[in-house]
Amino acid sequence: EKNISPAPPHPHTHAQVAWLSLDEGDNDPTRFLAYFVAALQTIEANIGKGTLSALQSPQPPPTEAILTSLINEIAALPDRIILVLDDYHLIEAQPIHDALTFLLEHLPPQMHLVIATREDPHLPLARLRARGQLTELRATDLRFTSSEAAEFLNQIMGLDLSAEDVDALETRTEGWIAGLQLAAISMQGRKDVTGFIQSFTGSHHFVLDYLVEEVLEQQSESVQTFLLQTAILDRLT
Numbered sequence: 006e007k008n009i010s011p012a013p014p015h016p017h018t019h020a021q022v023a024w025l026s027l028d029e030g031d032n033d034p035t036r037f038l039a040y041f042v043a044a045l046q047t048i049e050a051n052i053g054k055g056t057l058s059a060l061q062s063p064q065p066p067p068t069e070a071i072l073t074s075l076i077n078e079i080a081a082l083p084d085r086i087i088l089v090l091d092d093y094h095l096i097e098a099q100p101i102h103d104a105l106t107f108l109l110e111h112l113p114p115q116m117h118l119v120i121a122t123r124e125d126p127h128l129p130l131a132r133l134r135a136r137g138q139l140t141e142l143r144a145t146d147l148r149f150t151s152s153e154a155a156e157f158l159n160q161i162m163g164l165d166l167s168a169e170d171v172d173a174l175e176t177r178t179e180g181w182i183a184g185l186q187l188a189a190i191s192m193q194g195r196k197d198v199t200g201f202i203q204s205f206t207g208s209h210h211f212v213l214d215y216l217v218e219e220v221l222e223q224q225s226e227s228v229q230t231f232l233l234q235t236a237i238l239d240r241l242t
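So this is what it looks like as structure tokens:
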């Protein structure tokens, strides 16, 4: 079932927020655009009806013409809106990249797109960056500092770690939030947390399961083989 949902208004801008979770099946341009409009309709019910009709036509007009009509409707909205496209790395179809590029090039000022992806999307990032139209949050921006890790582990996860243990775990995980959470779950009820932290690596079964599901299984067969063959090495140059 497709996850298309409204979200609470952004607390600082008071913009209306919609969320669209993508999957491999959304590489069909017509399906992608239909879900795109459906996400917008969680904010404004009447928007994009003409777009949906055009997409269902036996001979639909060019994509740019369809998008131009949708852009004009967005421009007429009275409030700011934010649309989140989650898991965009699953989109490989060039026509969709082209459609989103056209949309980004003509986006009305009251609309913002948030694209969550595990790799750089096939969009004109350099051009958008040069125009000041792109804000990027990368892995380094999302890593927890020692103080953030301490707050998360002790206050959120209910642990009682010393500053030394927090620093050691933050170093071992490089501030990786999922790693910190998996470690925290594993430490629940343990007496020797210091010993656990010193032994906590990517081979821990919680981390291993996560990496297999979220990283390894997403790779091609040749990349999977290479990773498995080299995994025994501590360092590869």
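Numbering (our numbering), first residue to last: 6 to 242. Even for Gly, the Cβ is constructed at its ideal location relative to N, Cα and C.
Pairwise C-alpha distance: residue 193 and residue 164: The count along the sequence shown starts at 1 and reaches residue 164 at position 159. The count along the sequence shown starts at 1 and reaches residue 193 at position 188. So the two alpha carbons sit approximately 7 Å from each other.
Touch test, the segment 114-125 against the segment 88-104, Cβ-Cβ under 8 Å, three pairs minimum: yes
Nearest residue (CA-CA) to residue 113, options 83, 131 and 125: On the sequence shown, position 108 is the one that residue 113 refers to. Among 83, 131 and 125, the Cα nearest to that of residue 113 belongs to 83.
Per-residue DSSP class, three states only, for residue 4: For the chain, the structure presents residues 6 to 242; residue 4 sits outside this window and is missing.
Nearest to residue 34 (by Cα), restricted to the options 49, 61, 222 and 142: Here residue 34 refers to the residue found at position 29 of the sequence shown. Comparing Cα positions, the closest option is 61.
C-alpha gap between residue 225 and residue 81, whole angstroms: Here residue 225 corresponds to residue number 220 of the sequence shown, with the count starting at 1. Here residue 81 corresponds to residue number 76 of the sequence shown, with the count starting at 1. Roughly 44 Å separates the two Cα atoms.
Beta carbon of residue 9 nearer than 9 Å to that of residue 43: For this step, residue 9 is matched to residue 4 along the sequence shown. For this step, residue 43 is matched to residue 38 along the sequence shown. The answer is yes: Cβ separation under 9 Å.
Cβ-Cβ distance between residue 185 and residue 144 below 9 Å: One-based indexing of the sequence shown puts residue 185 at position 180. One-based indexing of the sequence shown puts residue 144 at position 139. No, the Cβ-Cβ distance between residue 185 and residue 144 is not below 9 Å.
DSSP bridge partner residues for residue 90 (one or two, in chain order): Translated into the one-based positions of the sequence shown, residue 90 becomes position 85. DSSP lists 25 and 120 as partners of residue 90.
Status (buried if at least 16 other CB within 10 Å, exposed otherwise) for residue 231: Looking up residue 231 in the sequence shown gives position 226. Result: exposed.
Alpha carbon of residue 115 to alpha carbon of residue 95, nearest angstrom: What you label residue 115 is simply residue 110 of the sequence shown in a count that begins at 1. What you label residue 95 is simply residue 90 of the sequence shown in a count that begins at 1. Each residue's Cα considered, the two are about 27 Å apart.
Own chain residues within Cβ distance below 6 Å of residue 127, not counting five before or after: In the sequence shown, counting from the first residue as 1, residue 127 sits at position 122. These residues qualify, in order along the chain: 102.
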